[in-house]
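Per the working numbering, the sequence shown starts with residue 87, numbered consecutively. Where is the CB? At the ideal position from N, CA and C, for every residue including glycine. Note that the structure is a prediction, hence the values are computed from the model and not measured.
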Amino acid sequence: MKNYKLVLLKGDGIGPEIVDEAVKVLDKAAEKFDFTVEYDEALLGGCAIDATGVPLPDETVAKCKAADSVLLGAVGGPKWDTLPGNLRPEAGLLGIRGALGLFANLRPAVIFEPLKSASPLRDDIIGKALDILVVRELTGGIYFGERGRKEVNGAPAAYDTEMYTVPEIERIARVAFEMAMNRNKKLTNVDKANVLESSRLWRETVIKVAAEYPEVELNHLYVDNCAMQLVRNPGQFDVIVTSNIFGDILSDEASMISGSIGMLASASLNENKAGLYEPIHGSAPDIAGQGIANPLATILSVAMMLKHSLDQPQAADAIENAVAKALETYRTPDIYTEGTKKVSCKEMGDIVCSLL
Ligand code: NAD
């Protein structure tokens, strides 16, 4: 029987509550689909600062590197907000992403049919349901390029540099094509090739990689047009691949189409596909400890882990179906609407388990 070693980074605020429910669901899926999971825990963020003085202890990095995959709750909170930048919980988050070499960020923007009314878009624009996957390059481009300040014609000035190498573009393009192969075989490349030289190299390289995936239909959009199309006709998209900065903006836009932050999962993958999985929301200190957090984004992050890192796609589908079924009747307070039944974080975990 296949056994997987997972590291849990529960973090701060609602992190421990939502990770506990996701683990419960994963254990149920393991039982049903005949595999086993061994858990280890490590400290990240505020809880790590309290225990060790730093947001990312060396021991956490070592444990995560040795694991088959990592599940993260969320980090941060007002208690640590006055610390200097390099000692804040969020520095631990950036540190672990760097240490694990996570270059591909996957952000699905999914609207489950029963939650359509939570979307800020009209029903006729959304259609029946929505399922877009944004693949964002995470370790290159302008966020990591040369930057500085200088004087230009006697005036103070600043600059940042967007640069990509061909191997960086090839590897993110391959991740996106692979994702498209497992979905509806449609990939939209997003760049600004009408203006930026780095985008022209990006597009040329994506087109070259496309030759390896003849079954995938590839099209190209400029980033400004893509931002518009996402709210005009989101149903046209399957997988979107783009650079770090464009992906930062577009993945937030795409996820807000779903209207419910407690529902959105994410994955960050490295070369060996181990990956770190986490909900996109933060540690929600305003509701921590009250038992009312929505655990579904974390549960759906586990489904992504089963699909992309642990090679258990059937277990992943079963979890996604159980979540969709649960939403027909049960809601945590953040997504509650009249006519549905309000449940706690723990009850939602139990309901998903029972529907699995
Ligand atoms: P947040 O996502 O934590 O909360 C925003 C709002 O959404 C709050 O009202 C919160 O109660 C609600 N919310 C979020 N997740 C929810 C859930 N699962 N169920 C029900 N309601 C939910 O964002 P914020 O308030 O801007 O940040 C709080 C802390 O989290 C800060 O310290 C921030 O730095 C940190 N943060 C961490 C991550 C991460 O760990 N990846 C991401 C974003 C923010």
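Please identify the residue among the options whose C-alpha is closest to the C-alpha of residue i.
i    : options                   : result
V222 : I211, F189 and G240       : This sequence places Arg at residue 222; Val is not what is there. Measuring from the Cα of R222, the nearest candidate turns out to be F189.
L362 : N89, S155 and G231        : S155
L173 : K214, G131, I212 and A152 : G131
F80  : R417, M349, A401 and T423 : The first residue shown for the chain is 87 and the last is 442, placing residue 80 beyond what the model contains.
L413 : G178, L142, E199 and A195 : E199
M249 : I437, E237 and G227       : G227
G187 : E124, L169 and I258       : I258
G375 : Y90, L95, I104 and M87    : I104
Y308 : P164, K278 and G184       : K278
E424 : A204, G171, A108 and V109 : A204
W166 : D98, L129 and L219        : D98
T247 : A262, S285, A148 and E256 : S285
G245 : G231, I255 and R260       : It should be pointed out that residue 245 corresponds to Tyr in this sequence rather than to Gly. The candidate whose alpha carbon is nearest that of Y245 is G231.
A185 : V147, A177, R208 and T418 : V147
P300 : E264, A313, L282 and Q315 : E264
K271 : P371, L304 and T251       : L304
E290 : L316, V220 and T251       : T251
K359 : A379, S344, D334 and M390 : M390
Helix, strand or coil: how does DSSP classify residue i here?
i    : result
H394 : helix
T138 : helix
G97  : strand
R174 : coil
V490 : Outside the shown range of the chain, which is 87 to 442, sits residue 490, and nothing can be said about it.
V325 : strand
R233 : strand
K91  : strand
L169 : coil
N330 : helix
A302 : According to the sequence shown, residue 302 is Val rather than Ala. Correct three-state label for V302: coil.
K359 : coil
V389 : According to the sequence shown, residue 389 is Ala rather than Val. The answer is helix: DSSP assigns A389 an H, G or I state.
A50  : Beyond the ends of the chain as shown, which are 87 and 442, falls residue 50; an answer cannot be given.
A241 : strand
By the 10 Å Cβ neighbour count, where 16 or more other Cβ atoms means buried, how is residue i classified, buried or exposed?
i    : result
A115 : buried
I293 : exposed
A137 : exposed
E145 : exposed
A302 : Per the sequence shown, the amino acid found at residue 302 is Val instead of Ala. Buried: at least 16 other Cβ atoms inside 10 Å.
P206 : exposed
S369 : buried
Q322 : exposed
G234 : exposed
S329 : buried
V409 : buried
Where does the unbroken beta strand (DSSP E) through residue i begin, and where does it stop?
i    : result
A160 : S155 to A160
F121 : F121 to E127
V276 : K272 to D277
R193 : A190 to I197
Using 7 Å as the cut-off, classify the Cβ of residue i as near or not near the heavy atoms of ligand 2, replying yes or no.
i    : result
T418 : Here the bound small molecules are ligand 1; ligand 2 is not part of this structure.
Name the two residues that bound the continuous alpha helix (DSSP H) containing residue i.
i    : result
S354 : Where S354 is concerned, there is no enclosing alpha helix (DSSP H), although the beta strand (DSSP E) it sits in stretches over A351 to L355.
T146 : D144 to A152
E414 : P399 to T415
D310 : V309 to R318
E248 : Segment: none, E248 is in no alpha helix (DSSP H) and carries neither H nor E.
P253 : V252 to M267
E364 : Not the alpha helix (DSSP H): E364 falls in the beta strand (DSSP E), residues L362 to P365.
L286 : The identity of residue 286 in the sequence shown is Arg, whereas the question assumes Leu. Segment E283 to A296, the alpha helix (DSSP H) holding R286.
E433 : C431 to L441
I212 : D209 to I212
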